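> Below you will find the structure I want to go over with you.
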Amino acid sequence: MLPALAAAHLLTLLGALLLVGGAWSRRALTPGHPGHHLLAVGFGLLLLGTALEVGSTLRDLGFLTLDDAAAYLTGTVPGRAALTRLMGAALVLATELSAWPAPLFALAAALLLWGEAGAGHGATHGVTARLLTALHAGAMTVWLGGVTALLLHPLPTGDLARRFTPVALVCVSLLVYSGAALTVEHRGALGGLTGDPYGRTLLLKLGFFTFALLAALPVRRAFARGLPARPRLAAEALLLLAVLGVTATLGTTPPPTHAERGEAHGHGP
């Protein structure tokens, strides 16, 4: 069950990246880019990931009928979170296809991220932890979405990079704050990370995150000096995708505090 859930988590994270990060970039960073086809791919990934997540859970629970599925989707926190995620995704796509105002896009993106944050670990920790998880996911999608938009843009310029830099710095700050807060929430302490599988996986994520930060420095220098920046942007994007991959694995690794309660899976910071 855990590999299927990790794959589902990765698919929904990638879908949120293309939808939320892509739509934000089209509005605030690189107007008209990425194209609507990438947003549609993001919506498809969210559909596929949600179907895999819900299907794996229902199979594991022995819920095989349509009535069982309906009861799960409407009567449990993870089930309602899956529905909320899909509703938010559909609304984000609609806001871009119909050019709705920015406040409506923000509400749709918040709904998607709230749904994403309500599965797994987020289903067991109350409103504050869920808000932190949504904030964490949102900051990651905007950062990686902006990097991806610059990478795919036909003419990435220094002006675009300078416009994105303060946004990226805010995203990094939010990721550090929310990640630390969620680690305390899930583990009870920041120390002793090597003593359990969750902590070791978290350290791996922090390693990739640090390398992504370091990779951003030559990107900024390349833009400042008028050098080709696309290969450096690709390296930064690949490292951030590695962070997403480890996050998906972390989401199926129970923290020590969860293991005490017998929790089987969930989302990590």
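Counting the sequence shown from 1 gives a position; the numbering used here is that position plus 3. Heads up, the beta-carbon is just placed ideally off N, CA and C, and yes, glycines get one too. A quick note: this is a predicted structure, and the numbers were derived from the prediction, not measured.
(1) In angstroms, rounded to a whole number, what distance separates the CA positions of Ala93 and His139?
(2) If you reduce the DSSP assignment to three classes, tell me which class Thr273 lands in.
(3) What three-state label does DSSP hand Phe167 in the structure shown?
(4) Can you have a look at Ala9 and say buried or exposed, based on whether 16 or more other CB atoms are within 10 angstroms of its CB?
(5) What does the Cβ neighbour count give for Pro37, buried or exposed, with the cut at 16 atoms within 10 Å?
(6) Candidates Leu20, Leu14, Thr87: which alpha carbon is nearest Gly52's?
(7) How many Å lie between Lys208 and Val249 at the Cα?
(8) Beta-carbon within less than 6 Å of Leu5's beta-carbon, same chain only, minus the 5 sequence neighbours each way: which residues are those?
(9) Using CA coordinates, which residue listed in Ala225, Ala7, Ala11, Ala19 is at the minimum distance from Ala142?
(10) In chain order, which continuous runs of the alpha helix (DSSP H) of length 4 or greater are located wholly inside the region 63-117?
(11) State the DSSP-derived secondary structure class of Phe139, mapped to helix, strand or coil.
(12) Please list, in chain order, all residues of the same chain as Phe66 whose beta carbon is under 7 Å from its beta carbon, the five residues on each side excluded.
(13) If we count the other Cβ atoms within 10 Å of its Cβ and call it buried at 16 or more, is Thr98 buried or exposed?
(14) Flag this pair as yes or no: are the beta carbons of Gly121 and Val95 separated by less than 8 Å?
(15) Just to confirm, are Thr197 and Leu206 a CB contact at a threshold of 8 Å?
(16) I'd like the span of the alpha helix (DSSP H) that includes Val23, first residue to last.
(17) On the three-state DSSP scale, how would you describe Ala232?
(18) Could you tell me the distance, in whole angstroms, from the CA atom of Ala219 to the CA atom of Arg235?
(19) Rounded to a whole number of angstroms, what is the C-alpha to C-alpha distance between Ala84 and Leu253?
(20) Mind checking Glu263: buried by the 16 CB within 10 Å criterion, or exposed?
(21) Can you give the beta carbon distance from Leu163 to Thr33, rounded, assuming they're within the 8 Å contact cut?
(22) Can Leu247 and Leu17 be called in contact, C-beta distance under 8 Å?
From the atom records:
(1) Residue mapping note: residue 93 aligns to position 90 of the sequence shown, counting from 1. Residue mapping note: residue 139 aligns to position 136 of the sequence shown, counting from 1. When rounded, the distance between both Cα atoms is 21 Å.
(2) This structure cannot speak to residue 273, because the chain is shown only from 4 to 272.
(3) Taking the first residue of the sequence shown as position 1, residue 167 is located at position 164. Correct three-state label for Phe167: helix.
(4) Taking the sequence shown and counting its residues from 1, the one referred to as residue 9 is at position 6. Buried is the call here.
(5) Translated into the one-based positions of the sequence shown, residue 37 becomes position 34. Its Cβ being crowded by 16 or more others within 10 Å, Pro37 is buried.
(6) For the purposes of this step, residue 52 is taken as the residue at position 49 of the sequence shown. Among Leu20, Leu14, Thr87, the Cα nearest to that of Gly52 belongs to Leu14.
(7) Numbered from its first residue, the sequence shown carries residue 208 at position 205. Numbered from its first residue, the sequence shown carries residue 249 at position 246. About 6 Å.
(8) To locate residue 5, count along the sequence shown from 1; it is residue 2. For Leu5, where only same-chain residues beyond five positions count, the Cβ hits under 6 Å are Thr255.
(9) Against the sequence shown, residue 142 aligns to sequence position 139. Ranking Ala225, Ala7, Ala11, Ala19 by Cα distance to Ala142 puts Ala19 first.
(10) Every unbroken stretch of the alpha helix (DSSP H) spanning 4 or more residues and falling wholly within the region 63-117 is given here in chain order: 69-78, 80-100.
(11) As a first step, residue 139 is located in the sequence shown; it is residue number 136 there, counting from the start. The sequence shown places His at residue 139, rather than the Phe named in the question. Annotated three-state conformation of His139 is helix, per DSSP.
(12) Here the question's residue 66 lines up with position 63 in the sequence shown. If we look at Phe66 and ignore the five residues flanking it on each side, its Cβ neighbours are Ala72, Tyr75.
(13) Position 95 of the sequence shown, counted from the start, is the residue given in the question as residue 98. That one is buried.
(14) Reading the sequence shown from its first residue, position 118 is the one you call residue 121. Reading the sequence shown from its first residue, position 92 is the one you call residue 95. Taking 8 Å as the Cβ cut-off, Gly121 and Val95 do not qualify as a contacting pair.
(15) Taking the sequence shown and counting its residues from 1, one reaches residue 197 at position 194. Taking the sequence shown and counting its residues from 1, one reaches residue 206 at position 203. For Thr197 and Leu206, yes; Cβs fall inside 8 Å.
(16) Locating residue 23 in the sequence shown gives position 20, where the first residue counts as 1. Unbroken run through Val23: none, as it is neither H nor E.
(17) Here the question's residue 232 lines up with position 229 in the sequence shown. Coil, per DSSP.
(18) Taking the first residue of the sequence shown as position 1, residue 219 is located at position 216. Taking the first residue of the sequence shown as position 1, residue 235 is located at position 232. If you draw a straight line from the Cα of Ala219 to the Cα of Arg235, it is about 8 Å long.
(19) Taking the sequence shown and counting its residues from 1, one reaches residue 84 at position 81. Taking the sequence shown and counting its residues from 1, one reaches residue 253 at position 250. Each residue's CA atom was taken as its position, placing Ala84 and Leu253 some 19 Å apart.
(20) Stepping through the sequence shown from its first residue, residue 263 is reached at position 260. Annotation note: pLDDT 48 at Glu263 (below 50); position unreliable, no value reported.
(21) Here the question's residue 163 lines up with position 160 in the sequence shown. Here the question's residue 33 lines up with position 30 in the sequence shown. The distance from the Cβ of Leu163 to that of Thr33 is about 6 Å, consistent with a contact at the 8 Å cut-off.
(22) On the sequence shown, position 244 is the one that residue 247 refers to. On the sequence shown, position 14 is the one that residue 17 refers to. Yes; because the gap between Cβ atoms is below 8 Å, this pair is in contact.
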